[in-house]
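Residues 156 to 811 (this note's numbering) are what the sequence shown spells out, left to right. For reference, the structure discussed in these notes is given below.
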Amino acid sequence: MNRLKDATSPYLLQHADNPVDWFEWGEEAFAEARRRDVPLLISVGYSACHWCHVMAHESFEDPETARMMNERFVNVKVDREERPDVDAVYMNATTAMTGHGGWPMTVFATPDGDPFYCGTYFPRPQFQRLVAGVGQAWATDRQAVLSQGSKVVEALGQAAALPPGPLPTAETTQKAVRDLERSFDAVRGGFGGAPKFPPSMVLAFLLRHGTPDAVRMAEKTLEAMARGGIYDQLGGGFARYSVDAGWVVPHFEKMLYDNALLLRVYAQWWRATGSPLARRVALETADWLLREMRTSEGGFASALDADSEGVEGRFYVWTPSQLREALGEERGAWAASVFEVTEAGTFEHGTSVLQLLSDPDDVALLDDVRAELLTARSARVRPGRDDKVVAAWNGLAVAALAEAGALFERPGLVEAATRAAELLDEVHIDGGRLVRTSRDGRAGDNAGVLEDYGDVAEGFLALYAVTGDARWFHRAGELLETVLTRFPDGSGGFYDTPDDGERLFQRPQDPTDNAAPSGLFAAAGALLSYGALTGSARHREAAEAALGTVSVLAERHARFAGWGLAVTEAALAGPVEVAITGGLDDPRTAALHRAALMAGVPGLVIALGDGEVPLMEGRGLVGGEPAAYVCRGFTCHAPVTTPGDLKRELLGSRRG
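Now the structure itself:
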């Protein structure tokens, strides 16, 4: 057993019995490299990564390769989900050196951590030659290696940050829609070609923007994903991405962040259009989260693996004969037709990924067949689960489950959101500071980064809007105070790490969305909502300054600013504020509350309860009845007491 045996990361624990003498990231590894006068070999990955498993089996489990690594390097294994800051700076170096990135990421660095050679996956023969060559270069041409490292660090340090721009306007968002139209796949949905990733934040923006062209792109993409192989047609939940342009064959890992974001978007699609498909997929995704991803402590696990029994996708794919075996000849043939399962197969070795390109006439039979196949599939060896709790992604789940529970009148989803929020509050937060991860109810050692603060604050505010429990409003305020004091870059933006965080060779700062909202845009959204609830100019101005980057990205790179554009739509709408008096146990208050939730106004903030939240101050009952006050910037229209009047007020506010 190497030094990873006591790690809290499931990914690191997967490598605990490697013959490689792994260190965790930390000063111990740096000190050992300096003592031995050898470079660092830093390997970065995550537990659900297929090619990480491949490289582990080929190289890190191989005694000869391990011997070469141990003789020449201090070897450091990093879980990118635990240390997104470490991952970010070395990924910058990898893409700068090679023109591309990915995982596993392989970095050779000086004992001080300066990278001098980077790559991703290497097959064992190539990796052995690389290890030998780098080791030889360190021993015989040290100065050239050190010079290369210093040049890389200097070049990355001089790389120009994305310049701040002016406050986005309605014209900014219109330019973004036009930019998205240029890369939109009108036949298959989505943007660009293969591989295709779920564009969750872009879809949220398009639905908020609400023009016919925007909604058309969103709906085409949402339906194509829901009917394709990227969506689990039996158990619910979305895979990480599609390897093809038609959403047919996924990369089978399932990530918490994707499913939390997509749950929220499908619920918002249903709210906007009443689509039965949107409702079904949203509820199935929510049920999948609770069934497959919830931990015993009430949080949500990070990911499900792509592999089972060492084979990618084995748990999910079918052949016609397997369908007949599970369902009988007639129903098996029917299922093969409905789910696009062919003798040739759509995946590997004659297997097919289930698709549902159209709904059959016999919906009851479909439901029965799906249930039977799900039961049959449960006998297979399940993919592994990474059960660490990541603060940011649980914040996304809290927001999605709270909103979906309220919209679909499923109190169990709101209860699940509340329990996850309680875990974050009790285990991850201390004095307004966040810990990034926990496992088995025990906090890890890694400090939260900007996305953790922004996404958890967003989740808490969404939960407050649904429940009226002011505890979550206050907790969000504490986290955002840390954002405003520890993360600013002095130019209106934010760094991804706090000013008292670990010093790396570069302080990470990426304003663009990736698989989840960037820390910058996540913080901007939460700051904007909190400012609307409190009337705080400080929070509002910080949000607007952070959104300046959207103006730079919107015209040519809108796909990388989806959440910033969605937050911009909220800012342009006000955001509209609704203060609702009376307790939610009063049916009249509950009816007003539901009318507000169903309005679909971009970024709408809702205040409930008494005067504990500033927006509620001075807002009282009207003639003894619960009332709703529709406001912008704390300036309110006359209160209304019926859901119909509230709907008209909110419809007028959207038009205005």
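Every residue gets a Cβ at the ideal spot worked out from N, C-alpha and C, and that includes glycine.
- In the three-state reduction of the DSSP assignment, residue 260 falls in the strand class, which pools E and B.
- Taking a contact as a CB-CB distance under 8 Å, the pair residue 340 and residue 400 counts as one, their CB atoms being some 7 Å apart.
- The C-beta separation of residue 320 from residue 706 comes to about 3 Å, placing the pair in contact by the 8 Å criterion.
- A Cβ-Cβ distance of about 46 Å is found for the pair residue 358 and residue 300, leaving them out of contact under the 8 Å criterion.
- One Cα belongs to residue 716, the other to residue 284, and the distance between them is close to 41 Å.
- If one requires a minimum length of 4 residues, the alpha helix (DSSP H) runs lying completely within the stretch 736-780 are 742-752, in chain order.
- Proximity to residue 325 across 313, 383, 721 and 529 peaks at 721, based on C-alpha coordinates.
- 7 Å or more divides the Cβ of residue 770 from the Cβ of residue 793.
- Secondary structure of residue 784 (DSSP, three-state): strand.
- A direct Cα-Cα distance of roughly 32 Å separates residue 628 from residue 331.
- Of the candidates 274, 280, 265 and 293, 265 places its Cα closest to the Cα of residue 305.
- Assigned with DSSP and collapsed to three states, residue 389 falls in coil, not helix or strand.
- Between residue 182 and residue 158 the beta-carbon gap is near 13 Å, outside 8 Å, which marks them as no contact.
- Judged by beta-carbon spacing, residue 395 lies beyond the 7 Å limit of residue 380, meaning their Cβ atoms are not closer than that value.
- Ranking 235, 194, 197 and 645 by CA distance to the CA of residue 165 puts 235 first.
- Counting only runs of 4 or more residues that sit fully inside the stretch 208-281, the alpha helix (DSSP H) segments are 218-227 and 239-253, in chain order.
- Taking 7 Å as the cut-off, the beta carbon of residue 781 is found no closer than this to the beta carbon of residue 723.
- For residue 344, the closest C-alpha among the options 365, 329 and 370 is that of 370.
- Between residue 200 and residue 258, the gap from beta carbon to beta carbon is short of 7 Å.
- Ranking 402, 632, 589 and 609 by CA distance to the CA of residue 601 puts 589 first.
- Listed in chain order, the non-local C-beta contacts of residue 548 below 6 Å within the same chain comprise 411 and 412, local neighbours out to five positions each way being set aside.
- Contact between residue 472 and residue 502 holds: CB atoms are separated by about 5 Å, below the 8 Å threshold.
- Here DSSP, grouped into helix, strand and coil, assigns residue 406 to strand.
- According to the DSSP assignment, residue 637 belongs to the alpha helix (DSSP H) that extends over 625-641.
- For the pair residue 425 and residue 377, the CB atoms are not nearer than the 7 Å cut-off.
- Considering only 521, 368, 385 and 801, the residue with the shortest C-alpha distance to residue 353 is 385.
- Nearest Cα to residue 697 within the set 220, 683 and 690: 683.
- When DSSP reads this structure, residue 796 sits in no beta bridge, so it has no partner.
- With a beta-carbon spacing of about 5 Å, residue 241 and residue 233 fall inside the 8 Å limit used to define contacts.
- DSSP places residue 370 in no beta strand (DSSP E) but in the uninterrupted alpha helix (DSSP H) bounded by 367-382.
- By the beta-carbon neighbour count (other beta carbons within 10 angstroms, threshold 16), residue 194 is buried.
- Beta-bridge annotation (DSSP): residue 162 is not paired with any residue.
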